[in-house]
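Visitor: Quick one: the structure is below, questions incoming.
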Ligand SMILES: NC(=O)c1ccc[n+]([C@@H]2O[C@H](COP(=O)([O-])OP(=O)(O)OC[C@H]3O[C@@H](n4cnc5c(N)ncnc54)[C@H](OP(=O)(O)O)[C@@H]3O)[C@@H](O)[C@H]2O)c1
């Protein structure tokens, strides 16, 4: 049976943050949530791009309730400033969509010398979640969404080599960062349950869609991606469905992992996604949590 998003009650008065809302899948997720009445905070690193994205949404949905905040997830000071500014203005948060992401084909680091994909995709969202979770109402409609990828399946966490300098395989650091997002989502769910919180931590992957994520590819990679594109990708709108589903559905449970299920997860019908055996390892997830607290210098209140 196909999974459908059924809206049973108005979402007015509810607030969602979407990180990386100005482009690709985050843009479509913002539109989807605005359409059903959410106030959506567009948390973007580039304010000009954010305003331009907001204008495009308002053309399509004139009554969309949108606000813009600057956020650079690779910079923990920016994450703290964002969380403080948001909490001061809004006081409560219903949904946090940890969507933003970067994929690099060259060695890049953040200002603290941490591998850029791990710092942005995982650590930034880890810190952001820890700083906002206390203003989320204690009910099952409060949701934190982590963004993984089919790329997590061949990855592991290189605790002694977070840069993945010695890791075998192409895109090891990106895969590691997306595995970290999934394992964080699972560990967060376990800790929420243990503390008897009703807030749900859920994970998704979008399949594959042609977004800014692939901007750093070499010309040959870009060429192959364009040639194969129509076979292996689906639209950004379709790629946003898993996140919209887990935010809006009443049929999900904490710890669920959803995404497209056709062609090895690249596109197709929405469903419960397959995850690697490695990603289920609770000891590794705990070790990752401890490392994330250490690197972000943030103690999670869970
Ligand atoms: N597209 C796919 O096929 C695919 C597959 C698997 C998983 N995903 C995941 O889906 C999510 C959305 O990616 P997308 O495909 O929509 O890519 P995208 O079009 O490149 O969008 C990524 C968004 O993240 C933002 N971002 C990047 N670095 C940031 C930082 N340091 N601080 C704040 N925001 C930052 C980007 O901002 P700028 O516009 O300023 O760069 C952009 O708004 C990511 O988590 C990605 O890993 C995508």
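In the working numbering, the protein residues as written are 286 to 587.
The C-beta atom is built at its ideal place from N, Cα and C for all residues, glycine as well.
Since the model is a prediction, treat every value here as computed from it, not as a measurement.
Should residue 311 be labelled buried (16 or more other beta-carbon atoms within 10 Å of its own) or exposed?
Guide: With 16 or more Cβ atoms within 10 Å of its Cβ, residue 311 is classed as buried.
Visitor: Ligand 1 and residue 493: does any heavy atom of the ligand fall closer than 6 Å to the residue's C-beta?
Guide: Result yes, Cβ under 6 Å from ligand 1.
Visitor: From this set, 439, 460, 302, 473, which residue's C-alpha is nearest residue 447's C-alpha?
Guide: That would be 460, whose Cα lies nearest to the Cα of residue 447.
Visitor: How would you call residue 296, buried or exposed, if buried means at least 16 neighbouring beta carbons within 10 angstroms?
Guide: When all chains shown are included, residue 296 counts as buried.
Visitor: Quick one: is the Cβ of residue 515 within less than 6 Å of any heavy atom of ligand 1?
Guide: Outside the cutoff, so no.
Visitor: For residue 367, report the span of its alpha helix (DSSP H) as first-last.
Guide: Run containing residue 367: 361–375, per the alpha helix (DSSP H) assignment.
Visitor: Cβ atoms of residue 364 and residue 412: under 7 Å apart, would you say?
Guide: Yes.
Visitor: Is residue 405 a contact residue of ligand 1, with contact defined as CB to any heavy atom under 6 Å?
Guide: Under cutoff, so the answer is yes.
Visitor: Could you tell me if residue 521 is buried or exposed, where buried requires 16 or more neighbouring beta carbons within 10 angstroms of its beta carbon?
Guide: Buried, because 16 or more other Cβ atoms sit within 10 Å of the Cβ of residue 521.
Visitor: Taking the CB atoms as reference points, tell me whether residue 552 and residue 470 lie closer together than 7 Å.
Guide: No, Cβ-Cβ distance for residue 552 and residue 470 is not below 7 Å.
Visitor: Throw me the rounded Cβ distance for the residue 321 and residue 314 pair, which I believe falls under 8 Å.
Guide: That pair is no contact at about 12 Å.
Visitor: Using alpha carbons as the reference points, say which of 480, 391, 386, 337 lies closest to residue 357.
Guide: Considering only alpha carbons, the answer is 386.
Visitor: Return yes when at least one heavy atom of ligand 1 lies under 6 Å from the C-beta of residue 432, else no.
Guide: Checking every heavy atom of ligand 1 against the Cβ of residue 432, one is found closer than 6 Å.
Visitor: Could you give the distance in angstroms between the alpha-carbon of residue 332 and the alpha-carbon of residue 351?
Guide: Cα to Cα, the separation comes out at about 13 Å.
Visitor: Does the Cβ-Cβ distance between residue 431 and residue 395 come in under 7 Å?
Guide: Not closer than 7 Å, so no.
Visitor: Taking the runs of the alpha helix (DSSP H) that are 4 residues or longer, which of them lie wholly in the segment 440–516?
Guide: Whole alpha helix (DSSP H) segments, 4+ residues: 457–479.
Visitor: Check whether the Cβ atoms of residue 458 and residue 402 sit closer than 7 Å, and answer yes or no.
Guide: The answer is yes: Cβ separation under 7 Å.
Visitor: By how many angstroms is the C-alpha of residue 578 removed from the C-alpha of residue 362?
Guide: The alpha-carbon atoms of residue 362 and residue 578 are separated by roughly 15 Å.
Visitor: DSSP three-state label for residue 383, please.
Guide: Strand.
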